[in-house]
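J.: The sequence shown: position 222 = 221 (numbering that gives the first Met the number 0), numbered continuously. No residue lacks a Cβ here, since even glycine has one placed at the ideal position from N, Cα and C.
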Amino acid sequence: MNSAFSGIELGKRALITHQAALQVTGHNVSNADTEGYSRQKITLEVFDPLYIPGLTRELTPGQIGQGVDVQKILRARDMLLDDRIISEKNGLSYWTSMNSWVKQVELVHNEPSDKSIMHLLDKFWASWQDLANNPEENSAREAVREYGIALSRQINNNYMALKSIRDNIEETIQARVYEVNSLAKDIAKLNAEILKSESVGDNPNDLWDKRDLLVENLSKLTDIQIGRSDKDEFIIYINGKHLVQGKHYEQLKLVKNPNNEGYSDIVWNRDGTTLKVKSGELKSLLDARDEVVKKQIDDLDLFTVNLMDMVNSIHRKGFGINLRTGLNFFKENAMSVNPVGDYDFNGDGLLDSTIIFRITGSQKIKPDDTVGISGTITLNNEITVNYKNTDRVSDIISRINNSGADIKMFVNSYGNLVVKSDGSNLYINHLEDSGDFLVKYAGILKNSGSQGAFDVGAPGMAQRIGGDYMVTQMHHPSSWLTLDDGVKNEVESIAASTGVDTDGDGVPDVMNGAGNGDNALKIAGVRFERIMVGKSLTLNDFYQRMITEIGLKGEIAKRESENRGIIVDNLVNMRKSISGVNMDEELVNMVKFQHGYAAAARFVSEMNKMLDIIINRML
Numbered sequence: 000m001n002s003a004f005s006g007i008e009l010g011k012r013a014l015i016t017h018q019a020a021l022q023v024t025g026h027n028v029s030n031a032d033t034e035g036y037s038r039q040k041i042t043l044e045v046f047d048p049l050y051i052p053g054l055t056r057e058l059t060p061g062q063i064g065q066g067v068d069v070q071k072i073l074r075a076r077d078m079l080l081d082d083r084i085i086s087e088k089n090g091l092s093y094w095t096s097m098n099s100w101v102k103q104v105e106l107v108h109n110e111p112s113d114k115s116i117m118h119l120l121d122k123f124w125a126s127w128q129d130l131a132n133n134p135e136e137n138s139a140r141e142a143v144r145e146y147g148i149a150l151s152r153q154i155n156n157n158y159m160a161l162k163s164i165r166d167n168i169e170e171t172i173q174a175r176v177y178e179v180n181s182l183a184k185d186i187a188k189l190n191a192e193i194l195k196s197e198s199v200g201d202n203p204n205d206l207w208d209k210r211d212l213l214v215e216n217l218s219k220l221t222d223i224q225i226g227r228s229d230k231d232e233f234i235i236y237i238n239g240k241h242l243v244q245g246k247h248y249e250q251l252k253l254v255k256n257p258n259n260e261g262y263s264d265i266v267w268n269r270d271g272t273t274l275k276v277k278s279g280e281l282k283s284l285l286d287a288r289d290e291v292v293k294k295q296i297d298d299l300d301l302f303t304v305n306l307m308d309m310v311n312s313i314h315r316k317g318f319g320i321n322l323r324t325g326l327n328f329f330k331e332n333a334m335s336v337n338p339v340g341d342y343d344f345n346g347d348g349l350l351d352s353t354i355i356f357r358i359t360g361s362q363k364i365k366p367d368d369t370v371g372i373s374g375t376i377t378l379n380n381e382i383t384v385n386y387k388n389t390d391r392v393s394d395i396i397s398r399i400n401n402s403g404a405d406i407k408m409f410v411n412s413y414g415n416l417v418v419k420s421d422g423s424n425l426y427i428n429h430l431e432d433s434g435d436f437l438v439k440y441a442g443i444l445k446n447s448g449s450q451g452a453f454d455v456g457a458p459g460m461a462q463r464i465g466g467d468y469m470v471t472q473m474h475h476p477s478s479w480l481t482l483d484d485g486v487k488n489e490v491e492s493i494a495a496s497t498g499v500d501t502d503g504d505g506v507p508d509v510m511n512g513a514g515n516g517d518n519a520l521k522i523a524g525v526r527f528e529r530i531m532v533g534k535s536l537t538l539n540d541f542y543q544r545m546i547t548e549i550g551l552k553g554e555i556a557k558r559e560s561e562n563r564g565i566i567v568d569n570l571v572n573m574r575k576s577i578s579g580v581n582m583d584e585e586l587v588n589m590v591k592f593q594h595g596y597a598a599a600a601r602f603v604s605e606m607n608k609m610l611d612i613i614i615n616r617m618l
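1. Figure out for me which residue from A598, L586, L610, N615 has the closest Cα to the Cα of H26.
2. Taking the beta carbon of T375 as the centre, do at least 16 other beta carbons fall within 10 Å, making it buried, or is it exposed?
3. Which residue marks the beginning of the beta strand (DSSP E) containing F409, and which one marks its end?
4. Give a yes or no on whether the C-beta atoms belonging to A461 and I364 are separated by under 8 Å.
5. Count the other C-beta atoms from every protein chain shown that fall within 10 angstroms of the C-beta of I193, then say buried if there are 16 or more, exposed otherwise.
6. Going by DSSP in three states, M469 sits in which element: helix, strand or coil?
7. Determine the extent of the beta strand (DSSP E) in which K419 is found, giving its start and end residues.
8. How far does the alpha helix (DSSP H) with Y596 in it reach, from first residue to last?
9. The beta strand (DSSP E) spanning D368 covers which residue range?
10. Does the region 507–519 come close enough to the region 118–138 that 3 or more CB-CB pairs lie under 8 Å?
11. Can you tell me where the beta strand (DSSP E) holding T375 begins and where it ends?
12. Determine the burial state of S624: buried for a count of at least 16 other Cβ atoms within 10 Å of its Cβ, exposed for fewer.
13. Have a look at V417 and D483 and give me their C-alpha separation to the nearest angstrom.
14. Could you tell me whether the Cβ atoms of N157 and I116 are closer together than 8 Å?
15. Taking the CB atoms as reference points, tell me whether D308 and F356 lie closer together than 8 Å.
16. Of all the options S181, S433, I234, which has the alpha carbon lying nearest to the alpha carbon of N190?
17. Assuming contact is defined by CB atoms lying nearer than 8 Å, are G466 and S535 in contact in what I supplied?
18. Should E87 go down as buried or exposed, given a rule of 16 or more other Cβ atoms within 10 Å for buried?
19. Based on the DSSP output, what are the partners of W267 in its beta bridges?
20. M460 bridges to which residues according to DSSP?
21. Count Cβ pairs between the region 560–576 and the region 78–95 that sit closer than 8 Å; are there 3 or more?
22. Where do the ends of the beta strand (DSSP E) carrying R315 lie?
23. I'd like to confirm the pairing. Which residues does DSSP put opposite A333 in its beta bridges?
24. Using only the heavy atoms of the ligand FMN, determine whether one of them is closer than 7 Å to the beta carbon of T547.
25. What's the call for S283, buried or exposed, on a 16-neighbour Cβ count within 10 Å?
26. Return the first residue and the last residue of the beta strand (DSSP E) that K275 is part of.
27. When the Cα of Q472 is compared with those of I237, F409, I186, S420, which residue comes out closest?
28. I'd like to check one pair, V580 with N30: are the Cβ atoms closer than 8 Å?
29. At the level of alpha carbons, what is the spacing between H118 and F541?
30. For Y236, which residues of its own chain have a beta-carbon under 7 Å away from its beta-carbon, when the five flanking residues on both sides are left out?
31. Could you give the first and the last residue of the continuous beta strand (DSSP E) run that contains V291?
32. Give the straight-line distance between the Cα atoms of K439 and N446, rounded to the nearest whole angstrom.
33. May I have a chain-ordered list of the beta strand (DSSP E) segments no shorter than 3 residues that lie completely inside the region 16–102?
34. What residue does the beta strand (DSSP E) around I235 start on, and which one ends it?
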């Protein structure tokens, strides 16, 4: 039945409800600038009235209301929009990170400038041309030496700068893996707290916001998938594997990879399998370290070893003004323990391979000559190139250079066939000819067939080579390139002149004269030799391509970063319109709820007066 005190209870509910509404409004205003906060909205409902319809209800003119109550307090959030933002931020993070690292690589090249490799390379070739014109002048020789030193040092500096970038990326990967582990742990902890709150019927809005912010930060680092099908278990996957499952979480760790110069692989702590990421900052860091920067270093090494080999092979055949011959211009630093290229690959103390970078045939040939023989050349044990008696030398060279075997072949300025490694490992894997093109015709190998084949996988293979060869140099020749001591200490030893072979052994032994600059002219002409990338590029072209490639990657990264940034900004603005705190709206609510609270207080006061009359004034 209705009570005289029911009005007090009704007023109390109104006070409590409007106080709660004011608290929600104040909570919104207080967190207007809090990252990840979602605007909260209170929903009011009519409290259950007296006299619910039924056969036993009192005969009254109608239901008697008991005021208002808080139905729920929910946050304004669109989960589908959140998922879209997570996906787009993942891609944005990849390209923003990539853009940053590519910019650093571009700064290393410093093109165009008078300190760049390209500028110094041009000066180096020009100094040889000047020496060819003035072979007896020491000033011209000193210019060759100084530009050789300057070029070598700049190549060394570029390598060290690229290596430093790669090391910095490695450190950043370590920091980001720690961050992923920390986020996974924090999300799992929040999952446990949220589950407790939900189990008693609460809406843990602030905890949900905290978790969503952590998930969004995690999505910037790696591509994640979110499982919400089970309301009692929030799950995060990385490429199908659980990172977080409810209150449980997994961890990642770093393992040094000896096949990648000791740089780390990211693996799951649970089973040691490699983490496979498709996007996000971690993917960008791995791509930058193991593809972008590594390729720049590999290309710089390839450029360096070809520069070294081409200049040295000509320089050794020339004569200095002091009659010295057989000297290298650039210092060579072979990997092998002996001059025939024998090497211990597996580190067990036994020689198990032969590492050769370049072989120069002993026979004179011309590119337009018809070979008049047939056979099959096998490269790297897998790729075969057939030739027939009507083929020209240039036809066979073209097929080999386009075979994809990491081998390049060309005829040098002396008319000898040259075979070089074109891969990042800088050694020839396998070379075999069933016929006589590489054997009697070009003088690359001594014998035909498998019995005469050269293979990297066994020691002593140099004895099967029919011509001159260069042993593979120490790792990263761009890091240690320098002038040979004989040239550095005595400019008179710079071989500007050619010589004459007087004893018929194929090696010049008498200088043509101090005024002869033909050897310097040949070295100056190396800049025009198409010896790189399947004989399609000169050394200058190859280095220019390196710069162009990284510049193109930079343009792509910048464009993608800007475009995705616009998309993310638009999506975030859409979310702000839904979840963000509008101060004008909150101030209106504040006034509205304050008036409601004041009215409820006035109602309680009036009810108090009525009760005072009944209790204290009725006699």
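T.: Quick answer:
1. L586
2. exposed
3. 406–410
4. no
5. buried
6. strand
7. 415–420
8. 582–611
9. No beta strand (DSSP E) contains D368, which DSSP labels as neither H nor E.
10. yes
11. 374–378
12. The structure shown does not extend to residue 624, since the chain is modelled only from 0 through 618, so no value can be given for it.
13. 23 Å
14. yes
15. yes
16. I234
17. no
18. buried
19. L251
20. Beta-bridge pairing links M460 to no other residue.
21. yes
22. Element bounds for R315: n/a, residue is neither H nor E.
23. Q472
24. Judged by which ligands are present, the structure shown has none, so any question about the ligand FMN falls away.
25. buried
26. Here K275 belongs to no beta strand (DSSP E), and DSSP marks it neither H nor E.
27. S420
28. yes
29. 14 Å
30. I223, Q224, G226, L242
31. Note, V291: premise wrong, no beta strand (DSSP E); not H, not E.
32. 8 Å
33. 39–45, 67–74
34. 234–237
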